Every structure is written in structure tokens, then in C-alpha cells.
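Peer 1:
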Amino acid sequence: MKLAWIKKIIGGLLLVSLLLLGFSQSLKGYLTIPDKIVLFEGQDYKIPKSLSVSASVAQGNVSVHDSSNLLTLGAEKPGTNELLLDFAGFPIKKVDIEVLKDFKVIPGGQSIGVKLNTLGVLVVGHHLVSTASGKKSPGETAGVHIGDIITEINGKNIRKMEDVAPLVQAAGEQHKPLKLSIFRESKKVKANLMPLKDQQEDIYKLGLYIRDSAAGIGTMTFFEPKSKKYGALGHVISDMDTKKPIVVKDGQIVRSTVTSIEKGSHGDPGEKLARFSSDHKIIGSINKNSSFGIFGKLDSGIDNNIMDKAIPITLSHEVKEGPAQILTVVDGDKVEKYDIEIVSTIPQKFPATKGMVIKVTDRELLNKTGGIVQGMSGSPIIQNGKLIGAVTHVFVNDPTSGYGVHIEWMLNEAGINIYDKEHSARKAS
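Counting with this note's numbering, you get residues 135 to 563 for the letters of the sequence shown.
1) Any contact of the stretch 419-430 with the stretch 449-461, i.e. 3+ C-beta pairs under 8 Å?
2) If we call anything under 9 Å between Cβ atoms a contact, is Ile-284 one with Gly-254?
3) Would DSSP call Thr-75 helix, strand or coil?
4) Just mark Arg-389 as buried or exposed, buried being the case when its beta carbon has 16 or more other beta carbons within 10 Å.
5) Where does Ser-450 fall in DSSP's three states?
6) So the candidates are Glu-452, Gly-549, Gly-194, Ser-394; which of them puts its Cα closest to the Cα of Met-510?
7) Verify whether the separation of the beta carbon atoms of Glu-405 and Ile-440 is less than 9 Å.
8) Here's the rule I'm using: 16 or more other beta-carbon atoms within 10 Å means buried, otherwise exposed. How should Phe-157 be labelled?
9) Using a 10 Å radius around the Cβ and a threshold of 16 neighbouring Cβ atoms, would you call Asp-373 buried or exposed?
10) Out of Ile-552, Gln-517, Lys-431, which has the shortest C-alpha to C-alpha gap to Glu-455?
11) Pick out the complete beta strand (DSSP E) segments inside the stretch 250-278, 3 residues or longer, and give them in chain order.
12) Do the CB positions of Asn-288 and Lys-324 come within less than 9 Å of each other?
13) Who are Met-544's beta bridge partners in DSSP?
14) Kindly indicate which three-state DSSP category Lys-383 falls into: helix, strand or coil?
15) Enumerate, from N- to C-terminal direction, the unbroken alpha helix (DSSP H) stretches of 4 or more residues contained entirely within the stretch 463-525.
16) When the distance is taken between beta carbons, is Gly-365 closer than 9 Å to Ala-524?
17) Quick one: give me the first and last residue of the alpha helix (DSSP H) that Val-302 is part of.
18) Among Glu-210, Asn-438, Ile-167, Gly-194, which one has its Cα closest to the Cα of Val-463?
19) Per DSSP, what kind of secondary structure is Glu-566 in: helix, strand or coil?
20) Whether or not the stretch 440-449 and the stretch 399-413 are in contact is what I'm after, with contact meaning three or more pairs of Cβ atoms, one per stretch, closer than 8 Å; do they touch?
21) Name the two residues that bound the continuous beta strand (DSSP E) containing Val-530.
22) Roughly how many angstroms lie between the CA atoms of Lys-183 and Ile-480, to the nearest whole one?
23) If you draw a straight line from the alpha carbon of Ser-188 to that of Gly-427, how long is it in whole angstroms?
24) Could you pull out every residue in the same chain whose Cβ sits closer than 8 Å to the Cβ of Ser-186, ignoring the five residues on either side in sequence?
25) DSSP beta-bridge partners for Ser-390?
26) Report the partner residues of His-199 according to the DSSP bridge assignment.
27) Am I right that Gly-536 and His-527 are in contact with their C-beta atoms under 8 Å? What's the rounded C-beta distance?
28) Taking Pro-168 as the reference, give the member of Lys-502, Tyr-553, Asp-230, Gly-176 with the closest Cα.
29) Rank Leu-218, His-199, Val-233 by C-alpha distance to the C-alpha of Pro-212 and give the top, closest one.
30) In this structure, does DSSP put Glu-286 in helix, strand or coil?
31) Straight-line CA distance for His-261 to Gln-333?
32) Start and end of the beta strand (DSSP E) containing Ile-550?
33) For the beta strand (DSSP E) holding Phe-317, just list the boundary residues, first then last.
34) Where Val-477 and Asn-546 are concerned, what is the direct C-alpha to C-alpha distance, given to the nearest angstrom?
35) Using a Cβ-Cβ cutoff of less than 6 Å, which residues in the same chain neighbour Gln-177 once the five nearest sequence positions on both sides are dropped?
36) According to DSSP, simplified to helix, strand and coil, what is Met-441?
Right, here's the structure in full:
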């Protein structure tokens, strides 16, 4: 008899433990809801419901629909709000909600040619000058570094290589050093450089290799239809010799045509081979070269003939693992849609370039390119009809996979403020 009572007590305790464990797990699900949710006008946010939890909001710009197994928040007007969740009269979670004004951009996918003009002339190397007393590099002796940008010589602005030669010859003939103003890793420095006469060519030289522009190809990511502000590439353009980001004075983009593909393989990411359009018509300006791509304004809207209407964007915390598509060109100038998989995604509170890991799953694209190739950077990533980001880098040891950048950081770099709180507050009032 006593043993039977003990068994009943143990059974009861086990049942209570299981109930408490189930309650704990259900409660834990609510505690994992983000402390802040950002939504656009007209967007819903669904919260699975596993307990008899009630929900309320502080203001009328967000609605709450409560069903047996789901809480659905509806973003109706721009502004801020507060969601309160309670169980049996006890508060279990408070969530801040921010509703942003409706925002859409037009996705790209077009192959573009990029022409960058540096802030001054870029030093890409040292060379020796053959003088009467031996071979020397005046530039290296003066402490000029590879990667330096010479912006002024003797107080005169330097914009292109042709600006340099007359000043060098004059200084050499007068036996006076050149006074250089240099932009070096975000700092301004000074240097005095005495040109030396090359005995073989009978001219004065700096002992420096310099360049004033760079060119390449990439892919358009998006443009905002009203302002014509755009973003492309998804990563910084670095000088091929110095490997350092090019500090841009200005630049232009033109249309380009893909002529062939060097297919990627293990250890070799492959490449799009392309040429600038035959008319070299400029379609936009470049005013920024940053970690997130190149940015500027288009002269007019451009079509991709596959998705030419403005679509919503998705913030980093809303991107989901699973199927998606990219828009890109692999033949001529025809933009096509290809299937990929979002392998992983990181909700980012602060700008960072590697927000997603993506994998090409489209058999046609894999047959043509082997996966992600150079020149594909900037290809817009679409998920559930929304622009979520852009292709940035390929994994060298696995060209089927690579990184993507979240679209909100590219928009920010383009000077497009989706968090327009002043406008949102006016509209909500």
C-alpha cells in the first residue's frame, strides 16, 4: 500500500515537472522575440502562439490580430509603438516597434562598365632613375609610399598625370625640390622631393609609377526611382597594384556587354569578360567608392526588362534562410533570373559587408559559370518579391558559394535614409 502511494507521488511529480517544462519551453519562445521590431507600412509580423498570452499595443499605428495559434502585428502608419505580452495578468515581454514609411527601389542586374578618377594621382610603385652617380628613386628617398595619393605639387591641384610632368621638369632645371601634398590612409602629409635627371632619356623624373584612373566591370544592384540614386558592386574597388581602396574624386558608369565567361572551379573563382558599350554613353556618375560598393546618380532610369517595377526591401533581421534568386548577365546584355539558396543570414544592427552566405543552385547558371564569378558582384538578391541584398564575394575554394551584403547598408551608403523619422512622425500625426 505504501509503495503504491510512493509511485503515485512520483508520478504526480513527474507530471508536474513535464507541465512546468512545457510551460518553460513555451515561455522561452516568447522571450526570444526581438526587443525591437522594425516594419514598413502595410507589412505584417507573425508571432507563433503556444500559451494563452494576450497582446496589446500603446498606440493606433499598429494593429494586433489574436487567433488561437498566432499573433499578427499589422503596421498601418509610420511611427513608434510598444507591444506588451502578458500571461494570466503577468507581463512576460515588452517589444519596441518602429514603423517606417513605405519604401521601394527598382532592382538592377545590368552589366555596367566603371570608370573611376582618383582624388589626385595614385602612387603604384617606385622605379630607379639612372643618374651620373648611380641608380636612385627620388620618390622613395623622399618617403613617398606606394598607395599615396599626390593631391598638390607646389600648391597646385593635381588631377591627372599630365599635370605632373611640367612641374617636374621645371623643378629639375631650377634645382628646387617639389613640395608635395599627399593623402595617405585618411591623413594629409607633406614631402619634399628633388627630381633627378635620367641620363638615358635626358629628362627629370620622380622615380614613381603613378596612375590617375581605373576601369572595370560589375553589376548594378538598385536605383531609387525618384532621386535616381543607385548602388552597385556590393564591395569596394581596390587598385590592382596597391590592393588599397581607390579614393574617388569622381567617375562614370556606362553600359557593358558580356562577351564570354571564364568558368569558375576549385581555387579559381572565374570571371565575366566584358567590354564597354560601343557608344560609351555615360548613364550615371560615381561619387563614392566604399566597402559596400560604388554609389552615385543615374542620368535617367534604366531597364532590366525582367523586373522593372519598384519592389519593397527587406531589412537584415527579416531575411530568411531558404530559396532566393539573383538577377545578373552572363551573355550579352540580357538580364536573367537564377535560383540560389540563402544558407545563413546574420541580423545586423550595424553596417557590415558579409551578412549572408549564399549558394548557387540553378543548374543552368552552374553549367555556364560554375557559380559566382568576378563581375557578378552587385547582382541583386530577391527573396519573396523583395530586394534583400547583393552578391559580394565568392569562396575561392567553392565557387558555387559566396557572401551577400544586406540591402539596408547599401541604401545608407547611397544617401537614402529609410529611417526618415521626421517624415514618419509628420505622417503619423
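Where is the CB? At the ideal position from N, CA and C, for every residue including glycine. Keep in mind it's a predicted model, so treat the numbers as computed, not measured.
Peer 2: Well, looking at it:
1) Taking a cut-off of 8 Å on C-beta distances, the stretch 419-430 does not touch the stretch 449-461, as fewer than three cross pairs fall below it.
2) The residue given as residue 284 occupies position 150 in the sequence shown. The residue given as residue 254 occupies position 120 in the sequence shown. Yes, Cβ-Cβ distance for Ile-284 and Gly-254 is below 9 Å.
3) Residue 75 is absent from the model: the chain starts at 135 and stops at 563.
4) Position 255 of the sequence shown holds residue 389. Classification for Arg-389: buried.
5) Against the sequence shown, residue 450 aligns to sequence position 316. Ser-450 carries a helical assignment under DSSP once its states are collapsed to helix, strand and coil.
6) Here the question's residue 510 lines up with position 376 in the sequence shown. The option with the nearest alpha carbon to Met-510 is Ser-394.
7) For the purposes of this step, residue 405 is taken as residue 271 along the sequence shown, with counting starting at 1. For the purposes of this step, residue 440 is taken as residue 306 along the sequence shown, with counting starting at 1. Contact flag unset, no.
8) Translated into the one-based positions of the sequence shown, residue 157 becomes position 23. Only weak support exists for where Phe-157 lies, its pLDDT of 45 falling under 50; the value from the coordinates is given anyway. Exposed: under 16 other Cβ atoms inside 10 Å.
9) Stepping through the sequence shown from its first residue, residue 373 is reached at position 239. Its Cβ being crowded by 16 or more others within 10 Å, Asp-373 is buried.
10) Position 321 of the sequence shown, counted from the first residue, corresponds to residue 455. When Ile-552, Gln-517, Lys-431 are compared, the shortest CA-CA separation from Glu-455 is found for Gln-517.
11) Taking 3 residues as the minimum length, the beta strand (DSSP E) runs contained wholly in the stretch 250-278 are 263-265, 268-270, in order along the chain.
12) One-based indexing of the sequence shown puts residue 288 at position 154. One-based indexing of the sequence shown puts residue 324 at position 190. No. Outside cutoff.
13) Position 410 of the sequence shown, counted from the start, is the residue given in the question as residue 544. Under DSSP, Met-544 forms no beta bridge with any residue.
14) In the sequence shown, the residue the question calls residue 383 occupies position 249. Strand.
15) List check, alpha helix (DSSP H) in window: 497-503.
16) Position 390 of the sequence shown holds residue 524. Position 231 of the sequence shown holds residue 365. Yes, these two residues count as a Cβ contact at 9 Å.
17) Within the sequence shown, numbered from 1, the residue matching residue 302 stands at position 168. For Val-302, the enclosing alpha helix (DSSP H) begins and ends at 299-308.
18) Along the sequence shown, read from residue 1 onward, the residue named residue 463 stands at position 329. In terms of Cα proximity to Val-463, the closest of Glu-210, Asn-438, Ile-167, Gly-194 is Asn-438.
19) Absent from the model: residue 566. The displayed extent of the chain is 135 to 563, so no value can be given.
20) At 8 Å Cβ cutoff, the stretches do not touch.
21) Within the sequence shown, the letter at position 396 stands for residue 530. Run containing Val-530: none; DSSP gives neither H nor E here.
22) Residue mapping note: residue 183 aligns to position 49 of the sequence shown, counting from 1. Residue mapping note: residue 480 aligns to position 346 of the sequence shown, counting from 1. If you take the alpha carbons of Lys-183 and Ile-480, they lie about 25 Å apart.
23) As a working note, residue 188 is residue 54 in the sequence shown. As a working note, residue 427 is residue 293 in the sequence shown. The alpha-carbon atoms of Ser-188 and Gly-427 are separated by roughly 45 Å.
24) Working through the sequence shown from its first residue, we reach residue 186 at position 52. Only Phe-221, Ala-222 meet the Cβ criterion.
25) For the purposes of this step, residue 390 is identified with residue 256 of the sequence shown, where counting begins at 1. Its beta-bridge partners are Phe-410.
26) Residue 199 sits at position 65 when you count from the first residue of the sequence shown. The beta-bridge partner set that DSSP reports for His-199 consists of Thr-206.
27) The sequence position of residue 536 within the sequence shown is 402, counting from 1. The sequence position of residue 527 within the sequence shown is 393, counting from 1. That pair is a contact at about 5 Å.
28) Position 34 of the sequence shown, counting from 1, holds the residue named residue 168. Asp-230 is the residue among Lys-502, Tyr-553, Asp-230, Gly-176 whose C-alpha sits nearest the C-alpha of Pro-168.
29) For the purposes of this step, residue 212 is taken as residue 78 along the sequence shown, with counting starting at 1. Closest by alpha carbon: Val-233.
30) In the sequence shown, the residue the question calls residue 286 occupies position 152. Glu-286: strand per DSSP, three-state reduction.
31) Here residue 261 is taken as the residue at index 127 of the sequence shown, counted from 1. Here residue 333 is taken as the residue at index 199 of the sequence shown, counted from 1. Between His-261 and Gln-333, the alpha-carbon positions lie close to 14 Å from each other.
32) In the sequence shown, the residue the question calls residue 550 occupies position 416. Counting along the chain, Ile-550 sits inside no beta strand (DSSP E), nor does DSSP assign it H or E at all.
33) Here residue 317 is taken as the residue at index 183 of the sequence shown, counted from 1. From DSSP, the beta strand (DSSP E) with Phe-317 extends over 312-318.
34) The residue labelled residue 477 in the question sits at position 343 within the sequence shown. The residue labelled residue 546 in the question sits at position 412 within the sequence shown. Their Cα atoms are separated by approximately 25 Å.
35) For the purposes of this step, residue 177 is taken as residue 43 along the sequence shown, with counting starting at 1. Closer than 6 Å at the Cβ level, and outside the excluded window around Gln-177, lie Ala-209.
36) On the sequence shown, residue 441 is found 307 positions in, with the first residue counted as 1. Of the three classes helix, strand and coil, the one that applies to Met-441 here is coil, per DSSP.
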